[in-house]
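Let me begin by presenting the structure, written as C-alpha coordinates, before commenting on it.
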Amino acid sequence: MKKAISWILLFFWLILIFTFSNQTGSVSTGLSDQVLSFLPKFIDSELLSFIVRKCAHFFEYFILAILTLNVCKNYAAISKKQLIITILFCFLYAISDEFHQVFIAGRTPKFWDVCIDTCGSLAGIVCMLIFSKKKSTLEELGMKRKMSERN
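When we follow my numbering, the leftmost residue of the sequence shown carries the number 438, and every step to the right adds one.
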(Lines of atoms letter the chains of each structure in order from A and count residues from 1; the text may use other names and numbers.)
(Lines give C-alpha, C1' and ligand atoms only; values in the text may rest on other atoms or scores of the structure.)
Protein backbone atom coordinates (compact mmCIF):
# COMPACT_ATOMS: atom_id res chain seq x y z
CA MET A 1 0.00 0.00 0.00
CA LYS A 2 2.85 2.37 0.86
CA LYS A 3 4.39 1.82 -2.60
CA ALA A 4 1.09 2.59 -4.32
CA ILE A 5 0.60 5.80 -2.35
CA SER A 6 4.13 7.02 -3.10
CA TRP A 7 3.61 6.32 -6.83
CA ILE A 8 0.23 8.08 -6.82
CA LEU A 9 1.73 11.15 -5.12
CA LEU A 10 4.58 11.23 -7.63
CA PHE A 11 2.24 10.99 -10.64
CA PHE A 12 -0.06 13.61 -9.14
CA TRP A 13 2.90 15.98 -8.76
CA LEU A 14 4.10 15.33 -12.32
CA ILE A 15 0.61 16.14 -13.61
CA LEU A 16 0.50 19.29 -11.46
CA ILE A 17 3.81 20.53 -12.91
CA PHE A 18 2.57 19.74 -16.42
CA THR A 19 -0.69 21.59 -15.73
CA PHE A 20 1.15 24.71 -14.55
CA SER A 21 3.35 24.61 -17.66
CA ASN A 22 0.33 24.12 -19.85
CA GLN A 23 -1.11 27.49 -18.79
CA THR A 24 -0.83 30.30 -21.30
CA GLY A 25 1.48 33.16 -20.47
CA SER A 26 -1.41 35.40 -19.40
CA VAL A 27 -2.94 32.75 -17.12
CA SER A 28 0.45 32.04 -15.56
CA THR A 29 1.06 35.75 -15.01
CA GLY A 30 -2.40 36.06 -13.42
CA LEU A 31 -1.55 33.28 -10.98
CA SER A 32 1.74 35.00 -10.10
CA ASP A 33 -0.14 38.29 -9.63
CA GLN A 34 -2.48 36.59 -7.15
CA VAL A 35 0.53 35.47 -5.11
CA LEU A 36 2.01 38.98 -5.36
CA SER A 37 -1.16 40.50 -3.91
CA PHE A 38 -0.29 38.87 -0.56
CA LEU A 39 3.26 40.23 -0.46
CA PRO A 40 4.39 43.66 0.76
CA LYS A 41 5.02 46.21 -1.98
CA PHE A 42 8.48 47.40 -0.88
CA ILE A 43 10.19 45.79 -3.91
CA ASP A 44 9.63 46.65 -7.55
CA SER A 45 6.65 44.55 -8.68
CA GLU A 46 8.47 43.29 -11.78
CA LEU A 47 11.39 42.08 -9.68
CA LEU A 48 9.03 40.58 -7.11
CA SER A 49 7.12 38.79 -9.88
CA PHE A 50 10.40 37.37 -11.19
CA ILE A 51 11.33 36.13 -7.71
CA VAL A 52 7.92 34.53 -7.14
CA ARG A 53 8.04 32.74 -10.49
CA LYS A 54 11.55 31.39 -9.92
CA CYS A 55 10.71 30.30 -6.37
CA ALA A 56 7.74 28.40 -7.80
CA HIS A 57 10.11 26.56 -10.16
CA PHE A 58 12.48 25.79 -7.29
CA PHE A 59 9.82 24.44 -4.94
CA GLU A 60 7.98 22.43 -7.61
CA TYR A 61 11.16 20.46 -8.22
CA PHE A 62 12.15 20.43 -4.55
CA ILE A 63 8.97 18.44 -3.91
CA LEU A 64 9.40 16.38 -7.08
CA ALA A 65 12.82 15.17 -5.90
CA ILE A 66 11.47 14.23 -2.48
CA LEU A 67 8.57 12.30 -4.02
CA THR A 68 10.88 10.58 -6.54
CA LEU A 69 13.37 9.58 -3.86
CA ASN A 70 10.48 8.35 -1.72
CA VAL A 71 9.43 6.01 -4.54
CA CYS A 72 13.01 4.77 -4.94
CA LYS A 73 13.27 4.24 -1.18
CA ASN A 74 10.41 1.74 -1.36
CA TYR A 75 12.63 -0.65 -3.31
CA ALA A 76 15.95 -0.33 -1.47
CA ALA A 77 17.79 1.79 1.06
CA ILE A 78 18.86 5.18 -0.22
CA SER A 79 22.04 4.72 -2.24
CA LYS A 80 24.25 6.72 -4.54
CA LYS A 81 22.50 5.05 -7.49
CA GLN A 82 19.07 6.19 -6.27
CA LEU A 83 20.35 9.74 -5.78
CA ILE A 84 21.70 9.80 -9.35
CA ILE A 85 18.43 8.38 -10.70
CA THR A 86 16.46 11.02 -8.81
CA ILE A 87 18.64 13.91 -10.00
CA LEU A 88 18.62 12.63 -13.57
CA PHE A 89 14.85 12.07 -13.56
CA CYS A 90 14.16 15.58 -12.21
CA PHE A 91 16.63 17.15 -14.65
CA LEU A 92 15.10 15.35 -17.64
CA TYR A 93 11.59 16.24 -16.52
CA ALA A 94 12.65 19.89 -16.21
CA ILE A 95 14.01 19.80 -19.78
CA SER A 96 10.81 18.21 -21.07
CA ASP A 97 8.78 20.76 -19.12
CA GLU A 98 10.62 23.67 -20.73
CA PHE A 99 10.36 22.06 -24.17
CA HIS A 100 6.62 21.66 -23.63
CA GLN A 101 6.37 25.43 -23.20
CA VAL A 102 7.45 25.93 -26.84
CA PHE A 103 3.93 24.88 -27.79
CA ILE A 104 2.09 27.10 -25.28
CA ALA A 105 1.00 30.63 -26.22
CA GLY A 106 2.92 33.32 -24.37
CA ARG A 107 5.46 30.88 -22.90
CA THR A 108 9.09 30.39 -23.80
CA PRO A 109 11.55 27.74 -22.65
CA LYS A 110 14.43 29.04 -20.57
CA PHE A 111 17.72 27.30 -19.83
CA TRP A 112 17.91 29.06 -16.45
CA ASP A 113 14.58 27.58 -15.42
CA VAL A 114 16.04 24.10 -15.93
CA CYS A 115 18.99 25.16 -13.74
CA ILE A 116 16.63 26.49 -11.04
CA ASP A 117 14.54 23.31 -11.24
CA THR A 118 17.65 21.17 -10.86
CA CYS A 119 18.84 23.24 -7.89
CA GLY A 120 15.41 22.74 -6.30
CA SER A 121 15.76 19.00 -6.88
CA LEU A 122 19.20 18.95 -5.28
CA ALA A 123 17.91 20.89 -2.27
CA GLY A 124 15.03 18.42 -1.92
CA ILE A 125 17.45 15.51 -2.00
CA VAL A 126 19.68 17.12 0.65
CA CYS A 127 16.67 17.74 2.90
CA MET A 128 15.51 14.15 2.42
CA LEU A 129 18.97 12.84 3.30
CA ILE A 130 19.15 15.02 6.41
CA PHE A 131 15.66 13.90 7.48
CA SER A 132 16.51 10.24 6.81
CA LYS A 133 19.77 10.56 8.74
CA LYS A 134 18.05 12.15 11.75
CA LYS A 135 15.24 9.60 11.61
CA SER A 136 17.69 6.67 11.53
CA THR A 137 19.74 8.24 14.33
CA LEU A 138 16.60 8.62 16.43
CA GLU A 139 15.63 5.03 15.67
CA GLU A 140 19.11 3.85 16.67
CA LEU A 141 18.89 5.81 19.92
CA GLY A 142 15.50 4.25 20.61
CA MET A 143 16.93 0.77 20.02
CA LYS A 144 19.92 1.46 22.29
CA ARG A 145 17.63 2.80 25.00
CA LYS A 146 15.38 -0.30 24.78
CA MET A 147 18.43 -2.59 24.98
CA SER A 148 19.84 -0.74 28.01
CA GLU A 149 16.43 -0.91 29.72
CA ARG A 150 16.39 -4.69 29.22
CA ASN A 151 19.81 -5.09 30.85
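Ideal Cβ placement from N, Cα and C applies to all residues, glycine included.
Assign residue i to one of three DSSP states: helix, strand, or coil.
{"i": "residue 565", "result": "helix"}
{"i": "residue 500", "result": "helix"}
{"i": "residue 538", "result": "helix"}
{"i": "residue 456", "result": "helix"}
{"i": "residue 543", "result": "coil"}
{"i": "residue 441", "result": "helix"}
{"i": "residue 531", "result": "helix"}
{"i": "residue 461", "result": "coil"}
{"i": "residue 511", "result": "coil"}
{"i": "residue 486", "result": "helix"}
{"i": "residue 516", "result": "coil"}
Once the 5 residues before and after residue i are set aside, which same chain residues still bring their CB inside 7 Å of it?
{"i": "residue 512", "result": "none"}
Suppose the cutoff is 6 Å on Cβ atoms and the five residues either side in sequence are ignored; what does the same chain contact list for residue i look like?
{"i": "residue 538", "result": "458, 544, 546"}
{"i": "residue 491", "result": "553"}
Compute the beta-carbon to beta-carbon distance between residue i and residue j, rounded to the nearest angstrom, for a pair I have assumed lies under 8 Å.
{"i": "residue 529", "j": "residue 454", "result": "Actually they are not in contact, since the Cβ atoms of residue 529 and residue 454 sit about 13 Å apart, beyond 8 Å."}
{"i": "residue 531", "j": "residue 563", "result": "Actually they do not touch by this definition, with Cβ atoms about 17 Å apart."}
Leaving aside the five residues before and after residue i along the sequence, list all residues of the same chain whose C-beta is less than 8 Å from its C-beta, in chain order.
{"i": "residue 517", "result": "none"}
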